[in-house]
Amino acid sequence: MGFSQKFNMLICAICALLMAPTAYADIYKYTDKHGRVILTDTPKNTKYVRLVKTWKGWTPQKTGSIRYKNLEKNRKKHSGTIDVIAKRYRLPKSLIHAVITAESAYDTEAVSRAGAVGLMQLMPGTAKRYGVKNRRNPYENINGGTKYLRDLLLMFNNDLRLALAAYNAGEGAVKKYNNKIPPYKETQNYVKKVIAFYNKYKQSMG
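Dropping the structure here:
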């Protein structure tokens with residue numbers, strides 16, 4: 043098969059992906075350091091940007107959406123579920139609360155620019171990996187996110203900072219930088235934010 047024929051097949055495949063009905067899967071775009079564009083329905087980390095269909099065509103989702111209005115009310119609403127799941131995976135409930143506060147402010151409908159959804163902001167690939175069928179379902183989302191966080195802690199020898207960095211940027215990013223927090227401003231700020239919430243909740247929640 044000649045180069046031009048392979049190239050034409052690649053273009054057709056990309057067009058088919060972009061023209062696929064949104065009911066089947068979301069589409070995410072990532073441009074690597076070499077300028078290569080990657081399109082997928084299973085993004086690996088938060089560097090992928092969700093594409094949305096507009097009258098102009100497929101464009102990147104510019105901002106995320108989080109509702110902060112009912113934070114305290116929703117914290118109380120989901121506390122029982124968090125208690126049960128935290129005990130299941132033997133993690134401090136204050137840690138789960140800290141992650142949820144930083145990720146979504148307890149908004150079950152929260153959606154990030156990268157397409158993460160729900161209380162613990164699960165990406166499609168992570169949700170599939172942990173059997174989460176409805177990312178907006180509080181129980182499914184918290185269970186999947188907590189199990190993922192538990193696995194990350196085991197993976198990085200209970201180093202909370204690395205586990206949180208991996209939760210934000212993906213375990214591959216942490217491993218890429220020799221088991222150190224990746225030099226991404228967003229990830230570094232995220233780790234600091236969650237730990238600050240964690241220390242605060244440890245005092246108030248025990």
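The sequence shown maps to residues 43 to 248 in my numbering. The beta carbon of each residue, even a glycine, is placed where N, CA and C say it ideally should be.
Measuring C-alpha to C-alpha distances from V233 to each of R117, K218, G212 identifies G212 as the nearest. As the crow flies, the alpha-carbon of L195 is around 19 Å from that of G173.
For E145, the enclosing alpha helix (DSSP H) has its first and last residue at 135-146. Distance between P166 and A158, taken at the CA atoms: about 7 Å.
One thing to note: K189 has its Cβ no nearer than 8 Å to the Cβ of Y243. The Cβ atoms of R171 and G160 do not sit closer than 8 Å to each other. Bridge pairing for L164: V159 [DSSP]. Of all alpha-carbon atoms in K118, N112, I138, N241, the one lying nearest the alpha-carbon of N185 is that of I138. Comparing alpha carbon positions, the residue from K227, E145, I237, V141 closest to R203 is I237. A Cβ-Cβ distance of about 5 Å is found for the pair K135 and I124, placing them in contact under the 8 Å criterion. Between Q163 and A152, the beta carbon gap of about 7 Å places them in contact (Cβ cut-off 8 Å). Membership of V174 in any alpha helix (DSSP H) is not indicated, and neither H nor E is assigned to it by DSSP. Remark: C-beta atoms of L191 and V141 approach each other more closely than 8 Å.
Scanning its chain for C-beta atoms nearer than 6 Å, with the 5 sequence neighbours on each side dropped, one finds around A208 the residues L194, V216, in chain order. Taking all protein chains shown into account, E145 has 16 or more neighbouring C-beta atoms within 10 Å of its C-beta and is therefore buried. For N241, the closest alpha carbon among the candidates K119, T143, H120, K218 is that of T143.
The C-alpha of G187 lies about 17 Å from the C-alpha of G214. The alpha carbon of M247 has as its nearest neighbour, out of P225, G122, T229, the alpha carbon of G122.
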